[in-house]
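One structure is given below, encoded as structure tokens.
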Amino acid sequence: MFTFKLLILSNWLISYTLFYEENIVVNDNPTPTPDEIADLKKAVRKLNSRAGEMKMDLHDLAEGLPVDYELLVETAKRTYDIFNDLDQLKRKLTSWEKNLK
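Counting in full-length UniProt numbering, the sequence shown runs from 1 upward without gaps.
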């Protein structure tokens, strides 16, 4: 079972628990350092990988219907959530890269 969490605490984004505790922390600084941008790129790559896994899980579940149909809504919700969060992080990365120039 996958467990995801997304918390916004003051200006910090803390995201995701998947099988084990793993937090992705991104500073919400409008003028980030090159190191912060590199960290965000790493977070986007990790989350993109997780999103791909969720997409495949949803695909596999859909192919097996009607078996395990009761898992469909939960799996679709988790897949939607991770892609939504990935989109937010990508937008943040684009914004940071523009601000750095």
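Note that the Cβ used here is the ideal one computed from N, Cα and C, for glycine as well.
Is the segment 42 to 56 close to the segment 83 to 96, with three or more CB pairs under 8 Å?
yes
Straight-line Cα distance separating D68 from K55:
16 Å
Cutoff 8 Å; reference T75; Cβ partners in own chain excluding five residues on either side
M54, D57, L58 and L61
Using a Cβ-Cβ cut-off of 8 Å (strictly less than) and excluding sequence neighbours within five positions of P34, which residues of its own chain qualify?
L100
Let's test the definition: count the other Cβ atoms within 10 Å of the Cβ of T94 and tell me whether it reaches 16, buried, or not, exposed.
exposed
Taking A49 as the reference, give the member of T79, R91 and A38 with the closest Cα.
What sits at residue 49 in the sequence shown is Ser, not Ala. Among T79, R91 and A38, the Cα nearest to that of S49 is on T79.
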